[in-house]
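**Q** My questions all concern the structure below.
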Amino acid sequence: MDTRAIGGPKLDSATEQDVGLDAKFVFNDSWVLDVTLNPDFSQVESDEPQVTVNERFEVQFPERRPFFVENADFFASDSILLFTRRIVDPEGGIRFTGREGDYGLGAIFINDEAPGFKTRTWRSTRW
1 MDTRAIGGPK
11 LDSATEQDVG
21 LDAKFVFNDS
31 WVLDVTLNPD
41 FSQVESDEPQ
51 VTVNERFEVQ
61 FPERRPFFVE
71 NADFFASDSI
81 LLFTRRIVDP
91 EGGIRFTGRE
101 GDYGLGAIFI
111 NDEAPGFKTR
121 TWRSTRW
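Laid out in structure tokens, this is it:
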């Protein structure tokens, strides 16, 4: 909105376009590399409301975004080591998962552009 326009405020005609990309690469039917740039989570259903009066702990909603739900079992443990709902506005991410014999590997790298962060940081978790 241009508030200094002659005759009163006007809406700018310029638009901002955001293009996203999702890619999946499968190696030897057991290793998967997922890449996302500017993911669009607008089609994900909204969370159920929860009452949080006098709570000492943060409210934890279940994850519903496709990039974080797929192959999430690679990052599951008895305690919460990776809570993906803290990743608010991902600019891009890479996830590598796979199994070889009795072993499984999961690695995820995310660049979060959430407001309040002055520097961009890559978050990574491996198990």
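So in our numbering, spot 116 of the sequence shown is number 116, and the numbers just go up one at a time. Every residue gets a Cβ at the ideal spot worked out from N, C-alpha and C, and that includes glycine.
If you run the structure through DSSP and keep just helix, strand and coil, what is T3?
**A** Position 3 of the sequence shown holds residue 3. It is coil, neither helix nor strand.
**Q** Can you tell me whether DSSP reads F68 as helix, strand or coil?
**A** For the purposes of this step, residue 68 is taken as the residue at position 68 of the sequence shown. It is helical.
**Q** What residues are listed by DSSP as bridge partners for A114?
**A** Counted from its first residue, the sequence shown places residue 114 at position 114. DSSP output for A114 lists no bridge partner at all.
**Q** What do you reckon, are the CB atoms on E91 and N111 nearer than 8 Å?
**A** For the purposes of this step, residue 91 is identified with residue 91 of the sequence shown, where counting begins at 1. For the purposes of this step, residue 111 is identified with residue 111 of the sequence shown, where counting begins at 1. Yes. Within cutoff.
**Q** Helix, strand or coil: how does DSSP classify R86 here?
**A** In the sequence shown, counting from the first residue as 1, residue 86 sits at position 86. The answer is helix: DSSP assigns R86 an H, G or I state.
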